[in-house]
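Everything in the sequence shown is counted per the working numbering, starting at 252 for the first residue and increasing by one.
Just so it is clear, CB atoms sit at the ideal spot from N, CA and C, and this is done for glycine as well.
Structure first, then comments.
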Amino acid sequence: MNGNSRKIGILGGTFDPVHIAHLVMAERAISDLELEKVIFVPTGVPWMKANTNITLGLHRINMLRLALSDNPLFEISTLETNRFGPSYTIDTLELIRKEYGDQTRIYFLMGSDALYRFADWKKPREVLDLSYLVVFTRAVTENIANILLNPVFEKRKDKIIEKNSVNIAISSSAIRDMIRNNRPLEGNVPDKVVEYIIEERLYTDE
Numbered sequence: 252m253n254g255n256s257r258k259i260g261i262l263g264g265t266f267d268p269v270h271i272a273h274l275v276m277a278e279r280a281i282s283d284l285e286l287e288k289v290i291f292v293p294t295g296v297p298w299m300k301a302n303t304n305i306t307l308g309l310h311r312i313n314m315l316r317l318a319l320s321d322n323p324l325f326e327i328s329t330l331e332t333n334r335f336g337p338s339y340t341i342d343t344l345e346l347i348r349k350e351y352g353d354q355t356r357i358y359f360l361m362g363s364d365a366l367y368r369f370a371d372w373k374k375p376r377e378v379l380d381l382s383y384l385v386v387f388t389r390a391v392t393e394n395i396a397n398i399l400l401n402p403v404f405e406k407r408k409d410k411i412i413e414k415n416s417v418n419i420a421i422s423s424s425a426i427r428d429m430i431r432n433n434r435p436l437e438g439n440v441p442d443k444v445v446e447y448i449i450e451e452r453l454y455t456d457e
């Protein structure tokens, strides 16, 4: 791989709903790693959440479009929402690798909570063969060294890039709870997304 290789970021998730921390993570990755762009990949039926209720893909994609509309370096892929059955990262990365070629460096962005479960993913070693994992820790004092002792990371620690916390303590589940409790979302969710949630009456259990 030469110095002129393309570098792209991949940020997967349910985005139910998308929130500010997602955007900050992607912006930070572009800046720190000099990425060409970050592709947001909303999940279809995530294998680890197969028995949970997830908002329709159409709504999650619409919210992403609104949230990403002001940044030309952000894109959306519907690879997983268009796929029938459970979504696995390895399948998505293989398709992205096929589209972008072997000379493109793929950086898969994740929070440290996902790294704790990484060894249970489908074909985790192959995921590391296809991409670098960019791990955003939730606190400056968090240490992921113990996680990397897992045999799945053997001889692959160079594929892990650790980034300090984006210092935004918010999650999609917390956002949904805020909506159900009629708490304001300002500062946590882009205004356009808030308007969409209200208009479509999402997360109200009605």
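Grab me the residues of residue 287's own chain with a C-beta within less than 8 Å of its C-beta, minus the 5 sequence neighbours each way, in chain order. Spatial neighbours of residue 287 in its own chain (CB-CB distance under 8 Å, excluding positions within 5 residues in sequence) are listed in chain order as 257, 258, 259, 324.
Give the list of continuous beta strand (DSSP E) stretches no shorter than 3 residues that lie fully inside the region 346–400. 356–362, 383–387
What is the DSSP secondary structure of residue 295, reduced to helix, strand or coil? coil
State the DSSP-derived secondary structure class of residue 260, mapped to helix, strand or coil. strand
Which same chain residues, not among the five before or five after residue 456, have their C-beta less than 8 Å away from its C-beta? 431
Using CA atoms only, rank isn't needed, just tell me which of 399, 294, 275 is closest to residue 306. 294
Applying the 10 Å Cβ sphere with the 16-neighbour rule, what's the burial state of residue 383? buried
Please state whether the Cβ-Cβ distance between residue 344 and residue 317 is less than 8 Å. no
Relative to the C-alpha of residue 356, which candidate in 334, 339, 379 has its C-alpha closest? Closest option to residue 356, Cα to Cα, is 379.
So, using beta-carbon positions, are residue 385 and residue 369 closer together than 8 Å? It is not a contact, given that the beta carbons lie outside the stated cut-off.
According to DSSP, simplified to helix, strand and coil, what is residue 413? strand
Cβ neighbours of residue 407 in the same chain (closer than 6 Å, five flanking residues each side left out): 379
To the nearest angstrom, report how far apart residue 400 and residue 409 are at their CA atoms. 13 Å
How many angstroms separate the CA atom of residue 398 from the CA atom of residue 270? Computed Cα separation, rounded: 27 Å.
Alpha carbon to alpha carbon, how far is residue 315 from residue 266? Rounded to the nearest angstrom, the two C-alpha atoms are 8 Å apart.
Using the DSSP secondary-structure output, state which residues sit across from residue 325 in a beta bridge. 289
At which residues does the alpha helix (DSSP H) containing residue 437 begin and terminate? Element bounds for residue 437: n/a, residue is neither H nor E.
What is the C-beta distance between residue 289 and residue 277, in whole angstroms, given that I count them as a contact (C-beta under 8 Å)? Between residue 277 and residue 289 the Cβ distance is about 4 Å, and since that is below 8 Å, they are a contact.
Judging by CA-CA distance, which residue of 308, 296, 320 is the nearest neighbour of residue 441? 320
Where residue 435 falls, given that 16 or more other Cβ within 10 Å makes a residue buried: exposed
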